[in-house]
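Sequential numbering from 1 applies to the sequence shown in UniProt numbering.
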Amino acid sequence: MTMRVLVLGGKGFIGRHISAALAQQGHQVIHGVSARHAQAMQPGDTVVDYGRDTQADTWMPRLEGVDAVVNAVGVLRDTAKRPMQAVHTDTPAAVFEAARRMQLAHLVQVSSLGIGQNTTPYGITKRAAEQALQTQMQAGLSATLVRPSVVFGKGGDSSNLFLNLARLPVCVLPAVAWRTQIQPVHVLELAQCVARILSLPQAQRPSSLDAVGAAAVPLAGFIASLRAQNGSRPALMLKLPDGLTKASAKLGDALPLTPWGSEALGLLSHDNIADAAGITALLGRAPTHYSQLVQQA
């Protein structure tokens, strides 16, 4: 079934890959575009203020003629222009309600794995959006909640950070990087899963999907693997004490061009792992192992 799909966050790292995968599946893709990306708008796209468009009545006209919505909007920094409460919770909740009222065929919400005990604003607002989605699903909305682990791929801010760390002969990482595990998933495979969900008959679309790679690994082990994949000898890996880690995260909060900060530390402080059965079924094969991600990027 070919659908007209509105992708929110379609110009971002995850969103643009989802848009490409949907187009490859034959769907007609339009985007909700923030003002800073307005120059890249295409026919059918609409300008959206994710920090202010928090009412369902605002979204209902935008959903006219739309069959499905994918929400891939997310921020790691709480700012006046893009407050997390609005971007992660209030605006998505308005979209969910509007989608139900407009009787859309399906909605996909891209959330995050490992936020269940995350007490940062990122985790709190993402969980609240999940709760809002469950409320609308109970009221009749057809939807899938997708929870990816760390998403790896060319052009991703966190991917670039990890690759830059992997190039260092001496690498200093937070002690938590040895304690908690991630299960990196390739952005192309995440995007393929979203596209395939929308291409399935409605009765076969899952209500949730943990989008993870083939195996789990501590972040420190992942950095070491990236270095090996690039053909470099093992680096000297040093642990940054927790106190200095928190201080460095606070410093990162003041540097808007880096993905490192308190929210990133909060995400890395909890395991981001899950069973890969769901993504394996959608892909028709096992997802890429973290030791093969560089050659796939």
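Heads up, the beta-carbon is just placed ideally off N, CA and C, and yes, glycines get one too.
Computed from a predicted model, the values in this text were never measured in an experiment.
Hey, out of Gln204, Gly221 and Lys246, whose CA is closest to Met237's CA? Among Gln204, Gly221 and Lys246, the Cα nearest to that of Met237 is on Gly221.
Does Pro184 pass the burial test, meaning 16 or more other C-beta atoms within 10 Å, or should it be called exposed? Counting the other Cβ atoms within 10 Å of the Cβ of Pro184 gives 16 or more, which makes it buried.
Beta bridge counterpart(s) of Leu6 as assigned by DSSP: Leu6 has Ile30 and Val69 as its beta-bridge partners, per DSSP.
Sequence-distant residues of its chain with Cβ nearer than 8 Å to Phe13 (five each side left out): So the list reads Val151, Gly153, Gly155, Gly156, Asp157 and Val187, once near-sequence residues are dropped.
Would you grab the beta carbon distance between Ala35 and Asp49 for me? Rounded to a whole angstrom, and I think it's under 8 Å. That pair is a contact at about 7 Å.
Might you give, ordered along the chain, the residues of its own chain that have their beta carbon closer than 7 Å to the beta carbon of Pro256, omitting 5 neighbours on each side? Contacts found: Arg77.
Would you report the Cα separation of Leu133 and Val170, rounded to the nearest angstrom? So the two alpha carbons sit approximately 44 Å from each other.
Using the DSSP secondary-structure output, state which residues sit across from His289 in a beta bridge. DSSP lists no partner for His289.
Can you tell me where the beta strand (DSSP E) holding Asp210 begins and where it ends? Counting along the chain, the beta strand (DSSP E) containing Asp210 begins and ends at Ser208 to Ala211.
Would you give the residue range spanned by the beta strand (DSSP E) that Pro121 belongs to? First-last for Pro121: Pro121 to Gln138, but that is the alpha helix (DSSP H), not the beta strand (DSSP E).
Taking only three categories from DSSP, how would you classify Lys246? Helix, per DSSP.
To the nearest angstrom, how far is it from the Cα of Ala94 to the Cα of Asn230? Taking the Cα positions, Ala94 is about 44 Å away from Asn230.
I'd like the list of long-range same chain contacts for Ala274, defined as Cβ closer than 8 Å, with 5 residues on each side in sequence excluded. Within the same chain, Ala274 has close Cβ partners Leu113, Arg147, Ser149, Gln183, Asp210 and Val212.
Residues near Gly44 by beta carbon distance below 7 Å, same chain, minus five either side: These residues qualify, in order along the chain: Ile30.
Pairwise C-alpha distance: Gln103 and Leu163: Distance between the alpha carbons of Leu163 and Gln103: 43 Å.
Within the chosen definition, does the segment 258–272 reach the segment 194–201 through at least 3 CB pairs nearer than 8 Å? No, because fewer than three Cβ pairs between the segment 258–272 and the segment 194–201 fall closer than 8 Å, the two stretches do not touch.
From Trp178 to Thr125, what does the alpha carbon distance come to, in whole angstroms? Each residue's alpha carbon lies about 27 Å from the other.
Keeping to the same chain, check which residues put their C-beta closer than 7 Å to that of Gly278; ignore five residues upstream and five downstream. Excluding its 5 nearest sequence neighbours in each direction, Gly278 has C-beta neighbours in its own chain below 7 Å: Pro206, Leu209 and Asp210, listed in chain order.
Determine the closest residue to Asn71 out of Tyr122, Ala129 and Ala249, with distance taken between C-alpha atoms. Looking from the CA of Asn71, the closest CA among Tyr122, Ala129 and Ala249 belongs to Ala129.
Residue 352 to Val294 span [Cα, whole Å]: Look at the range of the chain in this structure, 1 to 297, and you will see that residue 352 is not part of it.
By the DSSP assignment, the beta strand (DSSP E) with His106 in it spans what residues? Taken as a continuous stretch (DSSP letters only), the beta strand (DSSP E) holding His106 covers His106 to Val110.
Could you give the C-beta distance for Asp67 and Val5, rounded to a whole number, given that I count them as a contact under 8 Å? Confirmed, about 7 Å.
Proximity below 8 Å, CB of His106 to CB of Ser159: Not a contact, by the Cβ cut-off of 8 Å.
Using only the alpha-carbon positions, how far apart do Leu265 and Val217 sit? Rounded to whole angstroms, the gap between the alpha carbons of Leu265 and Val217 is 17 Å.
Closer than 6 Å by C-beta to Ser291: which residues in its own chain qualify, once you throw out the five before and the five after it? Chain order, please. The residues are Ser225.
Exposed or buried, Ala139, counting other C-beta atoms within 10 Å across all chains shown (16 or more means buried)? Burial is judged here by how many other beta carbons sit within 10 angstroms of a residue's own beta carbon; Ala139 has fewer than 16 and is exposed.
To the nearest angstrom, report how far apart Met41 and Val7 are at their CA atoms. One C-alpha to the other measures close to 13 Å.
On the three-state DSSP scale, how would you describe His17? In this structure, DSSP gives His17 a helical state, which the three-state scheme calls helix.
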